[in-house]
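Colleague: Got a structure for you, questions after.
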Amino acid sequence: MTNKIIFSSEEQKKIDDARARFNVWRESLGCANGSLIVYGTVTQQYYTKRNDPLWWLTDVVSGIDGKSLELPGPSYAKPIYIGTLKPDEGREVEGKRVSAVIELAHEIELAKNGYRLQARILKTPDREPNWKALQSTLSRMQTLQQAIEALKKDRANALKETNRAKKDLEKCDFEIQRKIKEVSDLNKQMTAAKRELEILNKKRTFLGFEDTSSEEQRSNALGVKLTLMDIAERAHAALTTAGGIYSIDLIRDFTALLATQDLIVLSGSSGSGKTSLCREYARVTGSICHVIPVKPNWTSAEDLLGFYSPIEKRYLKTPFLNALLEASKDPSHLHIICLDEMNLARPEYYFADFLSVLETRSSNRLLELNMPEIDSRIRTRIHDVLNALPDAIALNADISTVLSDGSIKKALYDIFAATNDESFVDAWEHFHHDLEQVVETAGMIQIPDNVRFIGTMNVDETTNFFAPKILDRAHILHLDNPLFVQHKDVQQVEHGEPFVTTASSFDSLKPYPNYDEKSPVVSKLKHLGEHYFIPLRVDISLRTMRQAQLYEEKARSAGLDEQAIIGNVLRHKLLPKCVFEFDGADDEGLKTLEALLDDVNLQLPTTCVDEISRLVEMGKKTRSANWWQL
């Protein structure tokens, strides 16, 4: 009888933790219940004390979709350990692509070293699957199957609803009238659609889009335009009254960042109040907050903006696109779009188009939607119908009114290729359906000036680190755990109530200032860059300097002094790039970091000095520095 191995509580914890992490990883790959099959190359890298070669699995890809796998666990757990092989087995598989099952290491190994993976070779494949071809074939099969099912459903519905069209026409016309009014609002924001919508604009009695009120009138209806300092102080008072634990400097910083119209990324541990800050700040200032949870499988702008479905023959909108459309219809209010857990997917993939558009600093910030050629066909028909209808007859007119005039009837029959009243009614209904496509999505979407983009992020093994493209364009605002915020930093305030602001209170969109060496903030940043950050290989671009100048302008308006502004720029733009390792006992990098600490000590706010100090201590202990792990 084999004796059961008895593990200590500490060893059993290591084993249980390893199993839990492995199961989470399996589930994320869609292999919760089956074997975790992978493909990889067998390599020989190390030898045992008996001089037996040890074998490893490298260049590992998923057995499901052929994509490279990001293996969890510490660096010492990669590549995946196979073990020793018999000489004949080793010669057969060395350097070849094989299929294998990924498993946890033996319990004894887990109890000793914690999380480790091992591979069990199944066979040497003659040919690794062509994943792209397989995926393309599967996608086409799924699309065809969906089309078949849709056709079956349409056929069944057509048999039942032939007579319903005449009875529901009045109801459909009313809905069309409401949606065409939406076209008028979008028309103000979309210059690309201006030519096609001009004729609709002439029928104002039907569309009802003309708004003669001025921005000043809309502002007066909401309240007096406030300064950034007024907004920051009143927001802090209202947040504190509601139980929030925020320092006044944090709220001033956040308010100034909103006024820059740059991308803001809120970092911090889970529960530090990143999403809550967006929601509560919007609530107390009378703004609108849209929280959009990011999904790990987002890979393109379509995940944000939606796409045209050939099956349903309409554009499938997303909550993100709906938020932009809502903001365009409500220019008086500030709309905050919060991408919650933004780094669950790679922002440089799904948010790249937005970064490019935001960088233009232009009021005409347009994004193209993925609409097929059907859009132009629909627009042409709308144009023809509106030209055929006199101004006295609107699109919501009763069908009998439309057909009462012989010349109009003939023109419409020609447009729709109708042969009788019944076929015309059917074509008229389809025309209204097509019109909805133009109403809902006009091919282009403009990012309104009253929209601010904020992302929240956690730093753990389930998330992706930001690429340099993101770090260079965003402001990283770190939130400490509110339970450990120094009480002296959360000033006592008088009772504060929510209030109403206008979007214009957060300043209008304008280009970044021209580079100014005489600016105190620029001068200090240039000094710190030349002496410390550039030697540490932390780049300071012209974009960073111009962003800093714009932030300086807004931060002063929000009530921050020069030292606070410089400290915040370091924390927003430079310290997040401090991720490096030190080699050798007398490494110059660590000395440079210590010199930076000496330079800024007693000159910049304690929050900034403290972060640099912790970076130095981390470097001394671990021979590495990582701002994200502070």
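In the numbering used here, the protein residues as written are 352 to 981. C-beta: ideal position from N, C-alpha, C; glycine also.
So which of Met492, Ile963, Gly391, Leu675 has the shortest CA-CA distance to His641?
Modeller: Leu675
Colleague: From the DSSP output, read off the bridge partner residues of Ala451.
Modeller: Val389, Ile472
Colleague: Based on DSSP bridge pairs, tell me the residues matched to Phe933.
Modeller: Bridge partners of Phe933: none, in fact.
Colleague: Do Ala909 and Ala607 have their beta-carbon atoms positioned less than 8 angstroms apart in this structure?
Modeller: Contact flag set, yes.
Colleague: Going by Cα to Cα distance, which pick from Arg401, Leu717, Asn374 is closest to Asp704?
Modeller: Of the candidates Arg401, Leu717, Asn374, Leu717 places its Cα closest to the Cα of Asp704.
Colleague: Does the pairing of the region 597–613 with the region 575–583 give three or more beta-carbon distances under 8 angstroms?
Modeller: yes
Colleague: On the three-state DSSP scale, how would you describe Ser975?
Modeller: strand
Colleague: When DSSP labels each residue in this structure, what does Arg824 get in the three-state scheme?
Modeller: Here DSSP, grouped into helix, strand and coil, assigns Arg824 to helix.
Colleague: Taking the alpha helix (DSSP H) that Cys689 belongs to, which residues open and close that run?
Modeller: Counting along the chain, Cys689 falls outside any alpha helix (DSSP H), though it belongs to the beta strand (DSSP E) covering 686–691.
Colleague: Any idea if Asp613 is buried or exposed, counting beta-carbon neighbours within 10 angstroms, 16 or more meaning buried?
Modeller: buried
Colleague: Thinking Gln900 and Val873 are a contact (beta carbons under 8 angstroms), I'd like their distance in whole angstroms, please.
Modeller: 6 angstroms
Colleague: According to DSSP, is His878 part of a helix, a strand, or is it coil?
Modeller: helix
Colleague: Could you tell me which uninterrupted beta strand (DSSP E) segments, each at least 3 residues in length, are contained entirely in the region 645–690, listed from first to last along the chain?
Modeller: 658–660, 665–667
Colleague: How about Leu822 and Pro886: are their beta carbons less than 8 angstroms apart?
Modeller: no
Colleague: Is the closest heavy atom of the ligand PLP to the C-beta of Asp949 under 7 angstroms?
Modeller: Within the structure as shown, the ligand PLP is missing, as the structure has no ligands at all.
Colleague: Compute the beta-carbon to beta-carbon distance between Arg634 and Pro849, rounded to the nearest angstrom, for a pair I have assumed lies under 8 angstroms.
Modeller: 6 angstroms
Colleague: Can you list, in chain order, the residues of its chain whose CB lies under 7 angstroms from that of Ser964, leaving out five sequence neighbours each side?
Modeller: Leu948
Colleague: Hey, out of Ser638, Leu941, Glu653, Glu719, whose CA is closest to Asp681's CA?
Modeller: For the residues Ser638, Leu941, Glu653, Glu719, the minimum Cα distance to Asp681 belongs to Ser638.
Colleague: Once you ignore the five residues that flank Asp410 on each side, which residues in its own chain have a CB closer than 6 angstroms to its CB?
Modeller: Gly391, Thr392
Colleague: Roughly how many whole angstroms lie between the Cα atoms of Ala818 and Glu699?
Modeller: 7 angstroms
Colleague: On a Cα-Cα basis, can you pick out the residue from Arg922, Thr807, Thr731 that is closest to Phe782?
Modeller: Thr731
Colleague: I need the DSSP call for His781, collapsed to helix, strand or coil.
Modeller: Residue state, collapsed to three classes: helix.
Colleague: Suppose contacts are defined by Cβ-Cβ distances below 8 angstroms. Is Leu876 in contact with Val920 by that definition?
Modeller: yes
Colleague: Compare the C-alpha of Leu520 against each of Trp779, Asp938, Asp811 and name the closest.
Modeller: Measuring C-alpha to C-alpha distances from Leu520 to each of Trp779, Asp938, Asp811 identifies Trp779 as the nearest.
Colleague: Name the two residues that bound the continuous beta strand (DSSP E) containing Ser758.
Modeller: Not the beta strand (DSSP E): Ser758 falls in the alpha helix (DSSP H), residues 757–767.
Colleague: Based on the DSSP output, what are the partners of Cys640 in its beta bridges?
Modeller: Ile687
Colleague: Residues in the same chain with beta-carbon distance under 8 angstroms from Tyr764, minus the five sequence neighbours each way, listed in chain order, please.
Modeller: Thr770, Phe775
Colleague: Phe767: which of Ile796, Ile733, Gly757, Glu692 sits nearest, CA to CA?
Modeller: Ile733
Colleague: On the CB-based measure, 16 or more other CB atoms within 10 Å of its CB, does Ile431 come out buried or exposed?
Modeller: buried
Colleague: In the structure shown, what three-state DSSP assignment does Glu445 receive?
Modeller: coil
Colleague: Hey, quick one: how far does the alpha helix (DSSP H) through Pro404 stretch, first residue to last?
Modeller: Looking at the DSSP string, Pro404 is not in any alpha helix (DSSP H); the run it does join, the beta strand (DSSP E), is 404–413.
Colleague: Measuring CA to CA, which of Leu577, Phe658, Gln797, Tyr632 is closest to Ala678?
Modeller: Gln797
Colleague: Taking a contact to mean a Cβ-Cβ separation below 8 angstroms, would you say Ile433 touches Gln469 in this structure?
Modeller: Result yes, Cβ atoms of Ile433 and Gln469 sit closer than 8 angstroms.
Colleague: Would you give the residue range spanned by the alpha helix (DSSP H) that Arg894 belongs to?
Modeller: 893–909
Colleague: What residue does the alpha helix (DSSP H) around Val920 start on, and which one ends it?
Modeller: Here the alpha helix (DSSP H) through Val920 covers 913–920.
Colleague: Just the C-alpha distance for Thr626 and His829, rounded to the nearest angstrom, thanks.
Modeller: Note on geometry: alpha-carbon atoms of Thr626 and His829 lie some 12 angstroms from one another.
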